[in-house]
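S.K.: Numbering (the working numbering), first residue to last: 17 to 150.
Have a look at the structure that comes next, please.
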Amino acid sequence: MTDLNAISGGCHCGAVRYMATTSPSSSIICCCTQCQKITGAGHAPQFALARATVTLQGKPARYAFKADSGNTVESSFCQNCGSPLYKTSSGYPDFMFFHAATLDDPSQYRPQSVVWARSRQPWDHLDPALPAQS
């Protein structure tokens with residue numbers, strides 16, 4: 017992502033909004049099977065924000081599950097429109113992982129790497145120049 021002083025976004029209907037006073041610490045494309053199910057796509061473009069810098073407006077619903085990594089992950093989504101918003105993980109307690117499409121300006125998103133590449137679907141074509149982690 018570009019270097020930003022502030023970042024904002026929200027769900028499709030506007031019931032849940034977020035703002036942060038920092039630039040993302042990383043931006044990934046996750047190909048794990050859980051992200052595929054949550055997004056309904058072959059991957060989930062996400063960026064990490066330090067939890068302490070994020071302000072939420074509205075109350076998202078949450079769904080907790082055990083990830084392939086063994087961590088407990090909580091997926092947060094809008095109770096009204098169902099838009100997936102962000103995830104938290106017991107493995108990274110100081111961060112929130114937001115879905116890139118929730119940004120007010122999604123064109124700001126720039127992926128740095130692909131994670132859980134071994135779960136990638138053969139029909140999901142990603143930039144081969146991106147470094148990939150299994």
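Yeah, the Cβ is synthetic: ideal placement off N, Cα and C, and Gly gets one too.
In this structure, what does DSSP give as the bridge partners for Gln62?
M.R.: Ile44, His115, per the DSSP bridge assignment.
S.K.: Classify Thr49 as helix, strand or coil using the three-state DSSP reduction.
M.R.: Here Thr49 sits in helix by DSSP.
S.K.: Looking at the structure shown, is Arg126 part of a helix, part of a strand, or coil, going by DSSP?
M.R.: coil
S.K.: In three-state DSSP terms, what is Ala68?
M.R.: DSSP, reduced to helix, strand and coil, places Ala68 within a helical segment of the structure shown.
S.K.: Answer with buried or exposed for Tyr34, where buried requires no fewer than 16 other C-beta atoms within 10 angstroms of its C-beta.
M.R.: buried
S.K.: Inspect the beta-carbon positions of Gly107 and Ser85 and report whether they are closer than 8 Å.
M.R.: yes
S.K.: Can you give me the C-alpha to C-alpha distance between Gln73 and Asp110, rounded to a whole angstrom?
M.R.: Their backbone Cα atoms lie some 19 Å apart in a straight line.
S.K.: Going by DSSP, what residue range makes up the beta strand (DSSP E) through Leu101?
M.R.: Looking at the DSSP string, the run of the beta strand (DSSP E) that includes Leu101 is 100-105.
S.K.: Suppose the cutoff is 6 Å on Cβ atoms and the five residues either side in sequence are ignored; what does the same chain contact list for Ser91 look like?
M.R.: Ile54, Tyr79, Lys103
S.K.: Val89 and Gln52: beta carbons closer than 8 Å?
M.R.: no
S.K.: Which residues in the same chain have their Cβ closer than 6 Å to the Cβ of Ser2, if we skip the five residues on either side of it in sequence?
M.R.: For residue 2 there is no data in the structure shown, the boundaries of the chain being 17 and 150.
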